[in-house]
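Single-structure report; data block below.
Numbering (the numbering used here), first residue to last: 2 to 654.
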């Protein structure tokens with residue numbers, strides 16, 4: 002009887018369970034992508050996981066057996082995808098990551114966690130070569146030894162994985178060079194200058210041509226290349242006028258040239274005679290065309306590549322794990338370009354410069370491809386993991402760009418940090434296009450019209466953290482300077498933009514600490530701002546687009562002129578408290594003089610007397626390493642050091 006009763010109980014229980022709906026399991030999956038100091042996190046959901054799109058995702062991470070620590074929450078960039086990042090990681094380190102969902106509707110996503118493990122990228126090292134091929138501008142033969150160097154093309158043709166091609170000092174008037182084979186992991190092909198020598202790749206015609214005066218300060222010659230896009234007169238880059246009449250009249254008030262096939266006309270400043278000047282006429286489209294992996298360019302100089310409007314000193318196409326280090330890019334249509342499936346390329350410790358900063362803004366806009374700067378991505382570039390760090394960019398229109406135009410289903414995982422950008426006639430850096438997990442930190446911008454252009458950020462999220470911008474609004478233009486530029490087109494939708502611990506000091510007339518304008522209604526996602534210094538000259542904060550969602554708090558708003566503080570929609574606020582009460586923004590914000598340590602020395606760290614020390618918001622995963630009782634406001638944590646000017650900093654222009 003006892004066994005019969007147990008059997009009947011089991012039958013009844015099974016019948017009851019059959020009437021209870023079974024829990025539907027979520028199908029979330031987690032992808033991690035590590036760079037040197039960051040890691041991208043993407044979670045993919047099934048259509049049935051969260052059909053009403055109201056769940057949110059938190060992040061935890063750890064190394065080894067340490068306790069999990071909180072990261073910054075993920076952003077939802079589509080109904081089926083969450084994206085976010087971890088910051089301040091160590092290279093070559095294994096991290097465990099756990100994402101947990103909270104859904105107010107409960108099942109199936111509520112309380113679900115997904116976990117994965119990934120390793121950050123190891124720092125690059127240039128290994129000792131297997132073989133060295135020495136080359137010289139006048140080299141010949143096949144020996145390629147130090148005593149008997151060969152030509153550059155010969156050295157490259159012989160180089161195998163693990164070998165290096167060493168360029169002796171001098172000028173190599175060569176271009177459109179193709180690499181014949183890739184390197185391999187741990188055995189790259191290295192192309193570099195010889196120690197303590199300067200090897201210059203020059204895309205110009207080495208011949209000095211004869212110029213004939215044709216009247217009105219215009220001179221003519223027959224060039225050896227058709228329709229060149231780049232002509233130099235000594236160190237002066239000439240503007241490409243569209244016709245001979247505009248050149249004759251110098252319609253933009255700057256010296257220039259006009260090319261019609263091989264007929265080349267120039268009109269120099271003060272009608273100077275080009276026969277008395279070193280003239281450089283570009284004849285090569287590109288310097289190196291790279292369609293292979295593990296090619297390292299080290300300590301080379303590239304100049305005068307501009308035979309066509311799309312010229313580049315180095316072109317990477319479907320090329321990954323390459324390095325450009327310690328190189329100089331001077332007066333090219335573009336320095337470095339990435340295209341296609343180009344992954345994990347590193348651009349570091351280079352100098353990029355041109356001579357377009359003082360050209361009129363409208364003149365640059367009127368001509369073809371003059372806006373591009375030292376580095377950019379082609380429209381179709383789904384490649385991931387590009388690192389752009391510790392470079393200098395100056396005297397461009399747009400100094401460089403980091404996002405392709407074409408949307409895709411991947412995150413970019415692009416890191417831009419510790420770069421110095423100055424003398425940019427328009428944007429210090431552009432993120433105008435598909436930008437998902439693009440991260441900016443510890444960059445410095447000064448004497449630019451705009452610092453970082455989000456015009457627009459499609460996809461998202463994008464993070465800008467601990468960047469310094471000052472003297473924005475500079476250049477030959479009549480436009481209002483902006484620290485972060487927000488523009489959109491009706492067909493594009495902004496992704497989330499996070500602004501943390503940036504220091505902005507807008508000192509030029511009619512400039513603002515933070516300005517939000519130019520956004521098409523309905524195209525917006527979110528601007529989320531915490532712990533920034535918005536110091537303006539006209540307003541600390543201007544928002545003309547209330548249709549664009551913003552969440553501003555714990556920032557310092559300051560007008561250095563002591564006048565109007567905020568322009569919000571159509572209202573002007575002099576009083577900070579009135580603004581916070583009526584707008585609901587900056588409820589925990591500040592309105593004090595930042596008290597910078599030494600702005601006359603371009604030192605925008607905080608003085609010991611600053612009221613912005615230890616009053617910031619703790620943001621998990623963003624400022625966990627703060628000093629004191631709380632984070633400081635702005636880009637720099639306070640340190641007890643004396644103010645001092647760095648004599649090696651770029652001079653004010």
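Using N, Cα and C, we set each Cβ at its ideal position, and we do this for glycine too.
N-terminal and C-terminal residue of the alpha helix (DSSP H) that residue i is part of
i           : result
residue 247 : 245-250
residue 340 : That residue, residue 340, is in no alpha helix (DSSP H); its beta strand (DSSP E) goes 337-340.
residue 366 : 362-367
residue 157 : 153-159
6 Å Cβ shell around residue i - same chain, five flanking residues per side excluded
i           : result
residue 637 : 606
residue 27  : 50, 109, 110 and 113
residue 630 : 615
residue 395 : 354, 423 and 424
residue 83  : 44, 58, 75 and 77
residue 210 : 222
residue 370 : 310
residue 401 : 374, 375, 376, 394 and 430
residue 156 : 134, 136, 145 and 166
Residue i and residue j closer than 8 Å at C-beta
i           : j           : result
residue 418 : residue 438 : no
residue 56  : residue 44  : no
residue 262 : residue 283 : no
residue 106 : residue 48  : no
residue 170 : residue 129 : no
residue 530 : residue 486 : no
residue 241 : residue 58  : no
residue 345 : residue 383 : no
residue 288 : residue 319 : no
residue 219 : residue 248 : yes
residue 204 : residue 259 : no
residue 446 : residue 434 : no
residue 497 : residue 527 : yes
residue 504 : residue 473 : no
residue 92  : residue 121 : yes
residue 399 : residue 381 : no
Extent of the continuous beta strand (DSSP E) to which residue i belongs
i           : result
residue 253 : Premise fails: residue 253 is in no beta strand (DSSP E) and is neither H nor E.
residue 318 : 313-318
residue 384 : Element bounds for residue 384: n/a, residue is neither H nor E.
residue 268 : 264-268
residue 534 : 534-537
residue 599 : 597-599
residue 90  : Where residue 90 is concerned, there is no enclosing beta strand (DSSP E), given that its DSSP letter is neither H nor E.
residue 280 : 280-282
residue 260 : 257-261
residue 543 : 540-544
residue 378 : 376-378
Same chain only: Cβ atoms within 7 Å of residue i, ignoring 5 sequence neighbours per side
i           : result
residue 270 : 256
residue 237 : 256 and 356
residue 477 : 359, 360, 361, 362 and 426
residue 539 : 511, 512 and 513
Identified DSSP bridge partners for residue i
i           : result
residue 430 : 401 and 453
residue 118 : 97
residue 167 : 135 and 193
residue 176 : Partner(s): none; residue 176 has no beta bridge.
residue 442 : 418 and 466
residue 145 : None, per the DSSP bridge assignment.
residue 389 : 348 and 417
residue 58  : 102
residue 325 : 298 and 348
residue 395 : 354 and 423
residue 371 : Looking at the DSSP assignment, residue 371 forms no beta bridge with any residue, so it has no partner.
residue 289 : 178 and 315
Other residues of its chain near residue i: CB distance less than 8 Å, five sequence neighbours each side excluded
i           : result
residue 575 : 564, 565 and 566
residue 23  : With a pLDDT of only 37 at residue 23, under 50, the local geometry of the prediction cannot be trusted, and the value read off the model is given with reservation. Correct list: empty, nothing qualifies.
residue 685 : The displayed coordinates of the chain run from 2 to 654. Any statement about residue 685 would go beyond what the structure contains.
Closer than 7 Å: residue i CB and nearest the ligand ATP heavy atom
i          : result
residue 53 : In the structure on display, the ligand ATP does not appear, and there are no ligands present to speak of.
What residue ranges within the stretch 548-590 form continuous beta strand (DSSP E) runs of no fewer than 3 residues, ordered along the chain? 551-554, 557-560, 567-569 and 572-574
Segments assigned beta strand (DSSP E), at least 3 residues, entirely inside the stretch 200-240: 200-203, 213-216, 219-223 and 232-234
Where are the beta strand (DSSP E) runs, 3 residues long or more, that stay fully inside the stretch 24-54, in chain order? Within the stretch 24-54, the complete beta strand (DSSP E) segments of 3 residues or longer fall at 30-35 and 40-45, listed in chain order.
Restricting to runs no shorter than 3 residues, where is the beta strand (DSSP E) found entirely within the stretch 493-530? 498-501, 504-506 and 513-517
Can you check the stretch 464-493 for any beta strand (DSSP E) of at least 3 residues that lies completely inside it and give the ranges in chain order? 469-473 and 483-487
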